[in-house]
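For our numbering, add 14 to where a residue sits in the sequence shown, where the first one is 1. Cβ atoms here follow ideal geometry from the backbone N, Cα and C, with glycine treated the same way. In this text, all values refer to a predicted model and were calculated from it rather than measured experimentally.
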Amino acid sequence: MLKPLAIMLLAVLGSTVAAGDRANNPPWQGRSPVIAQHGMAATAQPLATQVALDILKAGGSAVDAAIAANAMLGLVEPVGNGIGGDLFALVWDPKTRKLHGLDASGAAPAATDVAALRRQFGGKGPIGPAGTAAITVPGAVAGWHVLHQQFGVLPLKQLLAPAVGYARNGFPVSPLIAEQWARNIRLLTARRADIPAFDNALALYAPGGSTPAAGAMFTNPDLARTLEAIGKGGAKAFYTGPIARDIAAFMAANNAPMRETDLAAMRAEWVEPISATYRGYTVWQMPPATQGLATLQMLRLIERFDIAKMGFGSADAVHVMVEAKKLAFADRARFLADPRVVKVPVAALLSDAYTAKRAALIRMDRALPADVQPGDPAERSDTTYLTVADRNGMMISLIQSNYRGMGSGVVASRSPKNGGGTLGFMFQNRGAQFSLDATAANVIAPGKRPFHTIIPGFVTKDGMPFLSLGVMGGSMQPQGQVQVITNIIDFGMDVQAAGDAPRWRHIGGPDPGDGAEPPALFLERDFTPETRAALAARGHVLKSGTDDVGGYQAIRWDAKNRVYWGASEMRKDGQAAGY
15 MLKPLAIMLL AVLGSTVAAG DRANNPPWQG RSPVIAQHGM AATAQPLATQ VALDILKAGG
75 SAVDAAIAAN AMLGLVEPVG NGIGGDLFAL VWDPKTRKLH GLDASGAAPA ATDVAALRRQ
135 FGGKGPIGPA GTAAITVPGA VAGWHVLHQQ FGVLPLKQLL APAVGYARNG FPVSPLIAEQ
195 WARNIRLLTA RRADIPAFDN ALALYAPGGS TPAAGAMFTN PDLARTLEAI GKGGAKAFYT
255 GPIARDIAAF MAANNAPMRE TDLAAMRAEW VEPISATYRG YTVWQMPPAT QGLATLQMLR
315 LIERFDIAKM GFGSADAVHV MVEAKKLAFA DRARFLADPR VVKVPVAALL SDAYTAKRAA
375 LIRMDRALPA DVQPGDPAER SDTTYLTVAD RNGMMISLIQ SNYRGMGSGV VASRSPKNGG
435 GTLGFMFQNR GAQFSLDATA ANVIAPGKRP FHTIIPGFVT KDGMPFLSLG VMGGSMQPQG
495 QVQVITNIID FGMDVQAAGD APRWRHIGGP DPGDGAEPPA LFLERDFTPE TRAALAARGH
555 VLKSGTDDVG GYQAIRWDAK NRVYWGASEM RKDGQAAGY
């Protein structure tokens, strides 16, 4: 009765009733930040946060706790992540006072038939998200391996044990995840003709013919077996052992190109993060093929305008940020791709001269056209996020995804000799982000990694950590990170208020994977009628209804008091907690 009652109340009250009052806080803030001295974890599901804290209290590092939480999230939040997907992380090492970037993204299989994909998806695509065509090699477990080797303290088996236990014994499904779970299975069922052995997915995620409701207990003993094998055998168990053989056999039986050699070749690698300054802070992102560069470009453009003076939520401030998004995303579509294959002009795109030239295109009285073109820097030459900090000052910003929703819909069978059933997880559909246009930087090719939307964020001040943050949600991620960062730096909000604040999302424009939606600007309901009218008058097409404005977690280091401030997205089921 709870859900129908909530709907009935909304129908009666409409928008006439808002949140309760909180003294000395913005009207939208739902709760206080969490403040703790020894350790902090913020994830998209409370059980995962508690697992992370347990690992910290047992003597584990922030990286240990992040691995444990990530494994747990793959179980309790399968709508956004899992070991069938990829992973990126930024790790602050207090010993060396250095930020490290980890790229654990997989490539298209070596036997990928590009000509066949063009025939299947109509020349230039886009590649369909359901079925085996969009599957790239999963990188998450390789990411765990490299993270653990470099910064782990406790045994991997101990880190995965909580997820194994919950998978075997069950956990209660949280409310928003339950809704997303049901919606994902409905969408995948509608595309079941494209998904081989779709009964595997239904048996795993909709046992008895229905997905679990909020509060219902759910078990995944198949995943428990897979995680146990990884805990005992490490990444080799996944990429070269029985799991790899079962994956390869399933793919071969269903005419998919992935083979054992593709899995065996998977390597996560340490990379140098890229950065840009913003009003005295240094903002860090993963390099291409991620879209982290777009976040930095947006901030570089916004820095040329006094948005603090304009005021939070004002038409002027929103207009400047939306225009910066359009310009950065035009470049995103043109330049971002696997840097092992394509040269991406990162330094030129972030240069003062190029930024000034692009910023000059922003007019305060009129919106840029939907088809704004990328610049030429050569002239001057569905996702989970978590963050953990430990008592030694190590901080990790980690993001992990199956890409669109739960992923491809493909769940591989476990061979009878290995116990039968399934492997307990769904494969990502990250390959749908590739382009089929032969002239595109992000065109698909065997062994090439696709453009990636998932981006962990990090901010330093005077060479020391200030903020670890992430905002989930595809193309919303750079837009969301920019809004949170400006909320904190320009508008003086605390980490919880910065995430609870009403957000905007600009939809449309060119996309590296060929897709392009009609342009529109969505504003959450707390933006004033005056702001909406002023933006519409400048030519912004406002979208009515609802849209996804992402999911946020963050930890801020308070150097003065030597404590952590944690925040978790009020739009999700998550939790920040510390000790």
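Whether residue i touches residue j by CB criterion (8 Å)
i	j	result
A85	A55	no
A121	G588	no
D379	R552	yes
V473	W298	yes
M300	D562	no
P271	T110	no
A58	L350	no
E182	A129	Correcting the residue identity first, residue 182 is Arg in this sequence and not Glu. Going by C-beta atoms, R182 is not nearer than 8 Å to A129.
First through last residue of the beta strand (DSSP E) which encompasses residue i
i	result
A515	A515 -> no beta strand (DSSP E), and no H or E assigned at all.
F536	534-537
T467	Note, T467: premise wrong, no beta strand (DSSP E); not H, not E.
L101	100-107
Y417	Counting along the chain, Y417 falls outside any beta strand (DSSP E), and DSSP gives it neither H nor E.
G88	Here G88 belongs to no beta strand (DSSP E); instead the alpha helix (DSSP H) covers 76-90.
Q299	295-299
G580	577-582
Y566	566-572
G592	589-592
Per DSSP, cross-strand counterpart(s) of residue i
i	result
W284	L116
V243	First, the residue type needs correcting, since residue 243 is Ala and not Val in the sequence shown. Paired residues: none, contrary to the question.
F185	F232
K557	F536
P479	T474
L168	According to DSSP, L168 bridges with nothing at all.
N- and C-terminal bounds of the alpha helix (DSSP H) containing residue i
i	result
L364	From DSSP, L364 is part of no alpha helix (DSSP H); its letter is neither H nor E.
A228	Premise fails: A228 is in no alpha helix (DSSP H) and is neither H nor E.
K339	329-349
L310	306-316
A455	Element bounds for A455: n/a, residue is neither H nor E.
F212	212-219
F472	Per DSSP, F472 belongs to no alpha helix (DSSP H); it is in the beta strand (DSSP E), 471-475.
R259	256-267
I49	Looking at the DSSP string, I49 is not in any alpha helix (DSSP H); the run it does join, the beta strand (DSSP E), is 48-50.
Any non-hydrogen atom of the ligand COA closer than 7 Å to residue i Cβ
i	result
V360	Ligands are entirely absent from the displayed structure, and the ligand COA is therefore not among its contents.
Residue i versus the options, residue with shortest Cα-Cα distance
i	options	result
L104	A50, P140, P60, L161	L161
G229	A249, G184, L202	G184
I244	L173, T398, S558, D35	L173
D366	A347, P391, K557, Q387	P391
A220	D451, T233, D208	T233
H52	M409, V128, G153	M409
N268	G327, A207, G325, F252	A207
I288	T275, L412, N416, H114	H114
R444	K586, A278, L101, R36	L101
P210	G139, T560, G325, A426	A426
V496	G522, G477, I469	I469
G99	E274, S558, Y417, D213	Y417
S224	E193, K250, A249, R576	E193
A344	M312, G421, E317	M312
R281	W158, L70, G255	W158
S119	G139, R348, A154, G423	A154
P123	I69, R346, P302, P152	P152
Task: Inter-stretch contact at 8 Å, needing at least 3 Cβ pairs: the region 158-176 / the region 257-267 - done: no
Task: At least 3 beta-carbon pairs within less than 8 Å: the region 510-518 vs the region 428-438 - done: no
Task: Three or more C-beta pairs below 8 Å linking the region 74-83 and the region 141-153 - done: Counting Cβ pairs under 8 Å, fewer than three are found: no touch.
TODO: Indicate whether the contact test is met: 3 or more Cβ pairs, each with one atom in the region 560-571 and one in the region 471-488, closer than 8 Å.
DONE: yes
Open item on the list: Pairs of beta-carbons, one from the region 483-498 and one from the region 538-547, closer than 8 Å: are there three or more?
Closed with: no
- [ ] Say whether the region 188-207 touches the region 88-106, bearing in mind that this needs 3 or more beta-carbon pairs closer than 8 Å, one atom from each stretch.
- [x] yes
Open item on the list: When you compare the region 297-313 with the region 353-368, are there three or more beta-carbon pairs, one atom per stretch, that lie closer than 8 Å?
Closed with: yes
- [ ] Specify whether the region 318-337 and the region 543-550 touch according to this definition: at least 3 beta carbon pairs, one from each stretch, less than 8 Å apart.
- [x] yes
Task: Touching by the beta-carbon criterion (3+ pairs, under 8 Å), the region 373-388 and the region 316-336 - done: Between the region 373-388 and the region 316-336, the count of Cβ pairs shorter than 8 Å is three or higher; the stretches touch.
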